[in-house]
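Presented below is the structure to which this report refers.
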Amino acid sequence: MIGRHGAGADRWLFLTPEVEREVPGLLDRLDQGARAMEERRIEELIHRGTIASWFGYLRDCRARLERASGSGGDPAAARRLALVLREQYLLVPSIRPELPDDRVELDRLEELTWTST
Amino acid sequence: MSVTRSQGYTLPATAYTSPEIYEREMREVFMRSWNFVCHVSDVAEPGRYWTTSIAGEPVVVIRDDDGTLRALSNVCRHRASLIVRGEGACPKVLRCPYHGWTYRKDGQLAAVPEARGFPDLDREAVRLPSFRVGELCGLVFVCMSDETDPLDTYFGDLPQRLAPLRLPELTVGRRGNASYDHNWKVLADNYLEGYHIPVGHPGLLRLLDYKRYIATLGKRHAWIDGPFRDKPSKNRQERLYQRLMRPMHGFPEELEGAWTYVHLWPCTFIDIYPDLIDTWQLQPDGLRRTRTEYRLYHSGSRSVRDRLVRNINFRVNAKVMDEDVELCDDVQRGLESRTYERGVLNDNENAVRNFHDLLREAVPGIDDRAS
Chain E
15 MIGRHGAGAD RWLFLTPEVE REVPGLLDRL DQGARAMEER RIEELIHRGT
65 IASWFGYLRD CRARLERASG SGGDPAAARR LALVLREQYL LVPSIRPELP
115 DDRVELDRLE ELTWTST
Chain Z
752 MSVTRSQGYT LPATAYTSPE IYEREMREVF MRSWNFVCHV SDVAEPGRYW
802 TTSIAGEPVV VIRDDDGTLR ALSNVCRHRA SLIVRGEGAC PKVLRCPYHG
852 WTYRKDGQLA AVPEARGFPD LDREAVRLPS FRVGELCGLV FVCMSDETDP
902 LDTYFGDLPQ RLAPLRLPEL TVGRRGNASY DHNWKVLADN YLEGYHIPVG
952 HPGLLRLLDY KRYIATLGKR HAWIDGPFRD KPSKNRQERL YQRLMRPMHG
1002 FPEELEGAWT YVHLWPCTFI DIYPDLIDTW QLQPDGLRRT RTEYRLYHSG
1052 SRSVRDRLVR NINFRVNAKV MDEDVELCDD VQRGLESRTY ERGVLNDNEN
1102 AVRNFHDLLR EAVPGIDDRA S
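If you're matching them up, the sequences are chains E and Z in order.
Numbering follows our numbering, with no gaps: position 54 of the first sequence is 68.
Numbering follows our numbering, with no gaps: position 347 of the second sequence is 1098.
See the structure below:
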């Protein structure tokens, strides 16, 4: 029986739905990635990824968000993307200890939430 | 807690813990609804019978000699013994195992041992109470109320959606039952929403495309689509299923790419997989106990490949069931907390909201205890 304590390596998958649903469209709106390609990347991560590769992808999304914000991309999309990414760092301590990078990413996404208006 | 109108509240915890509400549910929900009993093949020939319990009432469904399907009380009018158990065939009459009172298949008392000992007994006036019985797409249903809508319109357009599955022609396969220490609505609520899948069933998230996991609401039913992802799963068992699974002969093309879940009010569930179909019936057995019965139906194919696929499907879903039972254990305990009043529902829980609204309609006042 696999339950709340035993889902092990798969537990991080609970993070994926909101990102899968929203991020491809938001990156597309910000001219930071083609929707279909992002959908394929995310689905590949869900099938073959790990929690480390998932957060690698999230960092990449944050970097692209920075670029979009710097070049005056759609502010509503930028703010929403920052919020969706930020939520990931708020959720992840429930399944693994906070990593040093997490705090840096969270703080930066917090700033982007406010500056992308 | 405040919510927007588009979300809504769950029923209060007292709806799951109050003996009074439970009793009203038995009378006002179960005795007034059409309850699934068995597959039509279970009572195909004259004399074949199938027993069940509806709102705690023992009921036997039996095929009469002229082919008529009947639903009768399974309680002897003499000293209240159950007349038959389980399933089976009776050659001519139903005989009570206690004192041998004997009934015809239409419920009429036929004979009484040592009848002279009952000088005032009017044999013609003694019969087993009968209930409405009907067949819908190969499934047999019983209703204990004369006021309830006819079966063929009770679930709206559901018969049109189920008909292409050709349920009457399928072979009845594996079956089983289990009892859980949960109020029946805890199990029903859990079935009706996919919001818990990412946390509770990460394996299922790899198999099904969660963003397209959508519940469509119909008249007294919910139809939940769980489309497959295109990519092969990382899990060996799931990957094997994806690779080997082929739809049953004649299975509707539009359902081939998904696992589909159907809820029939009040607590019948049909899982439609391309390789097999199952029914899962809840029978409340007390305020916090529910008996469940599942049955599998398939094409009857005995090929090694199809049997293997059905086995994998069964194992994948047995694991999901184990995970659900553990989740429901926690919910049942939480509902009994003095600090919990009621919860809030999100958009992915629309079928739960609809189910709770049906309960509000059927059991007026069920919401009243929420502060």
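Virtual Cβ for every residue (Gly too), placed ideally from N, Cα, C.
E/Asp-74 and Z/Asn-1068 have their C-alpha atoms roughly 36 Å apart.
For a Cβ distance threshold of 8 Å, residue set His-61, Arg-62 of chain E lies close to Z/Lys-985, ordered along the chain. Under the Cβ criterion of 8 Å, E/Thr-30 is counted among the residues facing chain Z. Under the three-state reduction of DSSP output, E/Arg-117 falls in the helix class. Around Z/Arg-980, the beta-carbon contacts reaching into chain E at under 7 Å are Glu-57. Relative to the Cα of Z/Thr-967, the nearest Cα in the group Z/Gly-954, Z/Tyr-760, Z/Val-1103 belongs to Z/Val-1103.
Pairing Z/Val-791 with Z/Tyr-800 gives a Cβ-Cβ distance that is not under 8 Å.
Restricting attention to alpha helix (DSSP H) runs no shorter than 4 residues, the segment 877 to 910 of chain Z encloses them at 902 to 905, ordered along the chain.
In the DSSP assignment, Z/Cys-1018 falls outside any alpha helix (DSSP H) and carries neither an H nor an E. Each of E/Glu-58, E/Glu-80, E/Asp-42 was checked against the Cα of E/Thr-129, and the nearest Cα belongs to E/Glu-80.
Residue pairing from DSSP leaves Z/Gly-851 without any beta-bridge partner. Shown here for Z/Pro-915: same chain residues with a beta carbon closer than 6 Å to its own, the five before and five after excluded, namely Pro-1003 in chain order. In this structure, DSSP gives Z/Ala-795 a state outside helix and strand, which the three-state scheme calls coil.
At a cut-off of 8 Å between C-beta atoms, Z/Gly-927 does not count as an interface residue with respect to chain E. Taking Z/Gly-759 as reference, the option from Z/Asn-1097, Z/Glu-1112, Z/Asp-932, Z/Gly-1116 with the minimal CA-CA separation is Z/Asn-1097.
Per DSSP, Z/Ala-973 lies in no alpha helix (DSSP H); the unbroken beta strand (DSSP E) holding it starts and ends at 972 to 978.
With respect to the C-alpha of Z/Tyr-767, the residue from Z/Asp-932, Z/Gly-927, Z/Thr-922, Z/Pro-949 having the closest C-alpha is Z/Asp-932. The C-alpha of E/Pro-38 is placed about 7 Å away from the C-alpha of E/Ala-50.
Contact between the segment 803 to 813 of chain Z and the segment 880 to 897 of chain Z is established, with three or more Cβ pairs separated by less than 8 Å. By the criterion of a C-beta distance shorter than 7 Å, Z/Arg-1042 is surrounded in its chain by Asn-928, Ser-930, Gln-1034, Asp-1036, once the five residues flanking it on both sides are discounted.
Against chain Z, the beta carbon of E/Leu-27 has neighbours under 8 Å at Pro-949, Pro-953, Leu-956, Arg-957, listed in chain order. Using a 10 angstroms sphere on the CB of E/Ala-91, the tally of other CB atoms reaches 16 or more, which defines it as buried. Z/Arg-926 is bridged by DSSP to Z/Arg-1046. For Z/His-972 and Z/Cys-888, the gap between their C-alpha atoms comes out near 15 Å.
For Z/Thr-765, the enclosing alpha helix (DSSP H) covers residues 765 to 768. Contact between the segment 820 to 836 of chain Z and the segment 845 to 856 of chain Z is present: three or more C-beta pairs spanning the two stretches fall below 8 Å.
Under the DSSP assignment, Z/Asn-786 falls in the beta strand (DSSP E) whose first and last residues are 785 to 790. Within its own chain, the residues whose Cβ lies closer than 8 Å to the Cβ of Z/Tyr-946, once the five positions on either side in sequence are excluded, are Asn-1097, Asn-1099, Glu-1100, listed in chain order. For the 8 Å CB-CB criterion, E/Val-106 and E/Asp-116 form a contact.
Closest in C-alpha terms to Z/Tyr-849, from the list Z/Ile-948, Z/Glu-865, Z/Arg-830, comes Z/Arg-830. When Cβ pairs closer than 8 Å are counted between the two stretches, the segment 951 to 965 of chain Z is seen to touch the segment 24 to 43 of chain E, the count reaching three or more. Residues of chain E with a Cβ closer than 8 Å to the Cβ of Z/Tyr-942 do not exist; the shortest Cβ-Cβ separation is about 18 Å. Counting C-beta atoms within 10 angstroms of its own C-beta, Z/Ser-881 has fewer than 16 neighbours from the protein chains shown and is therefore classed as exposed. Chain Z has no Cβ within less than 8 Å of the Cβ of E/Asp-42. Contact between the segment 1103 to 1119 of chain Z and the segment 934 to 946 of chain Z is established, with three or more Cβ pairs separated by less than 8 Å.
Contact annotation, E/Asp-88 with E/Leu-44: C-beta distance approximately 6 Å; criterion of less than 8 Å satisfied.
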